[in-house]
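Note sheet for the following structure.
Residue numbers (my numbering): 171 to 317.
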């Protein structure tokens, strides 16, 4: 097993047990985590505290039911590791139960970037719930109204 795959596996073990100290060892302080979609948690998370906060949000909105089971991992290049996971959890608007691919970019023994690719992004977004949309208030002076 390569060092990069061992690092990723160590991170998954730490995630499963809530071991924040180990997560801080395997995730670079400047990590970027990309979660596509239109759900309330979709977006780009930058920095270790932002990413760990995202993990906390997953546990919070799922009532502690969220899990990410590592199924397979393969090294693509000296910096890239692709992993197939099975994520499950009872989310605010439904149940998540699907496979997802994570692409890890590692440097100096730490994950510096992770991009998620959900098997069914629409189902994931629907289960998690939509982002809140801010609409202009027509009662305020800065609202633009045309006749």
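C-beta atoms are modelled at their ideal positions from N, C-alpha and C, and glycine is treated no differently.
query	result
Could you give the residue range of the beta strand (DSSP E) that holds residue 263?	Note, residue 263: premise wrong, no beta strand (DSSP E); not H, not E.
Among 245, 217, 237 and 204, which has the Cα closest to the Cα of residue 187?	237
In the DSSP assignment, what are the bridge partners of residue 271?	254 and 287
Might you give, ordered along the chain, the residues of its own chain that have their beta carbon closer than 7 Å to the beta carbon of residue 213, omitting 5 neighbours on each side?	205
Would you report the Cα separation of residue 220 and residue 245, rounded to the nearest angstrom?	26 Å
Between which two residues does the beta strand (DSSP E) holding residue 240 run?	237–245
Quick check: residue 283 and residue 275, are their CB atoms within less than 8 Å of each other?	yes
Hey, could you find the ends of the beta strand (DSSP E) residue 197 is sitting in?	197–205
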